[in-house]
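The structure under discussion appears below in the form of structure tokens.
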């Protein structure tokens, strides 16, 4: 297939069969291509998926011990250096999505997310 389809395929795979590994693969693919808007969306989707699983009390069974901060640190080292160490995983992904939405210029989206998730306003 077309190499241009790789990021879309990765995103659709993560949404069709969500797992931390599939979301991280999609996010990594998007970050490598500097697709801020899609990376923001996938970080948001992963964060919401993790939050829902936490609310349900459903454990995350994944071999992958990564978070978006591991990919994002290279871009925002000073801002992301401590993420994932003290927060819940869903907060890590949602916070990363807010940074990416902000960098992309989607400031209304940032404000809406900050209103919805109080920890994003801190």
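In the working numbering, the protein residues as written are 136 to 257. Think of the CB as a built atom: it goes at the ideal place given N, C-alpha and C, for glycine as much as any other residue. Since the model is a prediction, treat every value here as computed from it, not as a measurement.
Can you grab the Cα-Cα spacing for the pair residue i / residue j, in whole Å?
i	j	result
residue 171	residue 152	22 Å
residue 148	residue 157	7 Å
residue 220	residue 190	Note that residue 220 scores a pLDDT of 34, beneath 50, so its modelled location is shaky and nothing firm can be said.
residue 161	residue 174	8 Å
Kindly indicate the opening and closing residues of the alpha helix (DSSP H) around residue i.
i	result
residue 245	242–251
residue 233	224–239
residue 162	155–167
residue 136	Unbroken run through residue 136: none, as it is neither H nor E.
residue 255	Element bounds for residue 255: n/a, residue is neither H nor E.
residue 182	171–191
Which whole-angstrom value is the C-beta distance of residue i and residue j, which I expect to be below 8 Å?
i	j	result
residue 182	residue 232	6 Å
Taking only beta-carbon positions, decide if residue i is within less than 8 Å of chain C.
i	result
residue 168	Given the protein chain composition of this structure (a single chain), no chain C is represented.
Do the segment 181–189 and the segment 137–145 meet, that is, are 3 or more Cβ pairs less than 8 Å apart? no
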